[in-house]
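S.K.: With full-length UniProt numbering, letter number 64 in the sequence shown gets 64, and the count goes up by one each step, no holes. Pasting a structure below so you can have a look.
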Amino acid sequence: MPTEPITRRVAFIFPIYNEEENIDLLHRTVDEVTAPLAGKYDFSFLYVDDGSRDGSLAKLTELSARDQRVTVVELSRNFGHQMAVTAGLDLVDADAVVIMDSDMQDPPRVALELIEKWEEGFDVVYAQRRSRQDSAFKKLTAGGFYWFLRKMAAVDIPKNTGDFRLIDRKVVDELRKYRERDRFLRGLVSYIGFKQTAVLFDRDKRHAGVTGYPLRKMLRFAADGILGFSVTPLRMITRMGYLISFLSFVGILYVGGVKLFAPQTAVPGWAFLGIAMFFLGGIQIIMLGVLGSYIGRTYSQVQNRPLYGVASVRTGPGTPVEAREGADAGRGAR
């Protein structure tokens, strides 16, 4: 007897932090976009509230009461965007997972193109920005970051990509093995490998609210990407030491030559010596800072603390069905 085709499950993960004004529009738009494929795929939606301070959690609770496909994970405090996505990946159960931001800059319609590429046999389909409606400063800094990252990183991380992507179940299972604290998920996905491809899209403006990545967090996130996938800064310290030593040797030869062959032109160089001391002192402090960054990451890692804490998980009618501290003790910890 012919068997009915098995419906494949596709889950959406949305990290939420102070997105009260975007939640209803986001869910309505994603629901409308996926509705034509509802017979072919079993869609579910996992919202991870990352310690929001506005009414986001209440909105999500109402949403889970209206839509049985919605699961709301409430983290015990704000752990950051990457940890919120990690919590979703640890708890999700689906054949493929689509990770999207909740500010409507990632157009939900692009998810259908990601699913099409997945059906062609790709394990990772990342959305690559063809254009973006951001400020000139944001575009400039983003371009500089991706250029610098490609030069420094030991793995090839595609430029103009964020966390907006589809990943297959086997890639999710592999990601769960990686438990570093200073997470740069797009780098981890590139590092893991599997069959990957891109879908180009035009990024929209934020619908409402303010960005969760001010300049300070952007710089820290950039450091996570560089330090997590490259030891080039450590090699640069050695090269800088060689360069300064070479320049010092040249300076010694110059001073010796002046003393021997033109002593009448020698001028006391207290200003030069002072500048040189400050210069070398600054270089040494920078080197110590680079070393300290790597040591700090090592210290955080060896503490082996849970990556995040889960306060509750809501499904169906919106009542908490699970609560625990440190969800790493469950499926995600390995």
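Beta carbons are placed, not taken as given, at the ideal position from N, Cα and C, and that holds for glycine.
Within its chain, find whatever has a CB closer than 7 Å to the CB of Arg324; leave out the 5 residues flanking it on each side and keep chain order.
M.R.: Any reading at Arg324 is ruled out, since the residue's pLDDT is 41, under 50, leaving its predicted position unreliable.
S.K.: CA-CA distance, Gly88 and Phe14?
M.R.: 8 Å
S.K.: Starting from Leu75, trace the beta strand (DSSP E) in both directions and tell me its first and last residue.
M.R.: Val70 to Leu75
S.K.: Quick one: give me the first and last residue of the alpha helix (DSSP H) that Arg66 is part of.
M.R.: Ser56 to Arg66
S.K.: Answer yes if the region 81 to 98 comes into contact with the region 33 to 48, meaning at least three C-beta pairs across the two stretches below 8 Å, and no otherwise.
M.R.: Below 8 Å, enough C-beta pairs join the region 33 to 48 and the region 81 to 98 to call them touching: three or more.
S.K.: Does DSSP put Asp50 in a helix, in a strand, or in coil?
M.R.: coil
S.K.: Leaving aside the five residues before and after His207 along the sequence, list all residues of the same chain whose C-beta is less than 7 Å from its C-beta, in chain order.
M.R.: Because the pLDDT at His207 is just 47, under 50, the model does not fix this residue reliably, and the point stays unresolved.
S.K.: Going by DSSP in three states, Ser102 sits in which element: helix, strand or coil?
M.R.: coil
S.K.: I need the straight-line Cα distance from Asp123 to Val302, nearest angstrom please.
M.R.: Near 32 Å, if we compare the C-alpha coordinates of Val302 and Asp123.
S.K.: For Asp31 and Phe12, what's the separation of their Cα atoms in angstroms?
M.R.: 11 Å
S.K.: When the Cα atoms are used, what is the spatial distance from Ile286 to Leu307?
M.R.: 29 Å
S.K.: Let's see if you can read the secondary structure: which residues bound the alpha helix (DSSP H) around Ala84?
M.R.: His81 to Leu91
S.K.: Take Arg129 and list the residues in its own chain whose beta-carbon comes closer than 6 Å to its own, dropping the five residues that flank it on each side.
M.R.: Asn160 and Arg203
S.K.: Comparing alpha-carbon positions, which option in Gly39, Asn18 and Tyr17 lies nearest Thr7?
M.R.: Gly39
S.K.: Can you tell me whether DSSP reads Tyr126 as helix, strand or coil?
M.R.: strand
S.K.: Once the 5 residues before and after Lys117 are set aside, which same chain residues still bring their CB inside 8 Å of it?
M.R.: Closer than 8 Å at the Cβ level, and outside the excluded window around Lys117, lie Val125, Leu166, Thr197 and Val199.
S.K.: Using DSSP with H/G/I as helix, E/B as strand and the rest coil, what is Pro111?
M.R.: The question names Pro, yet the displayed sequence has Ala at residue 111. It is helical.
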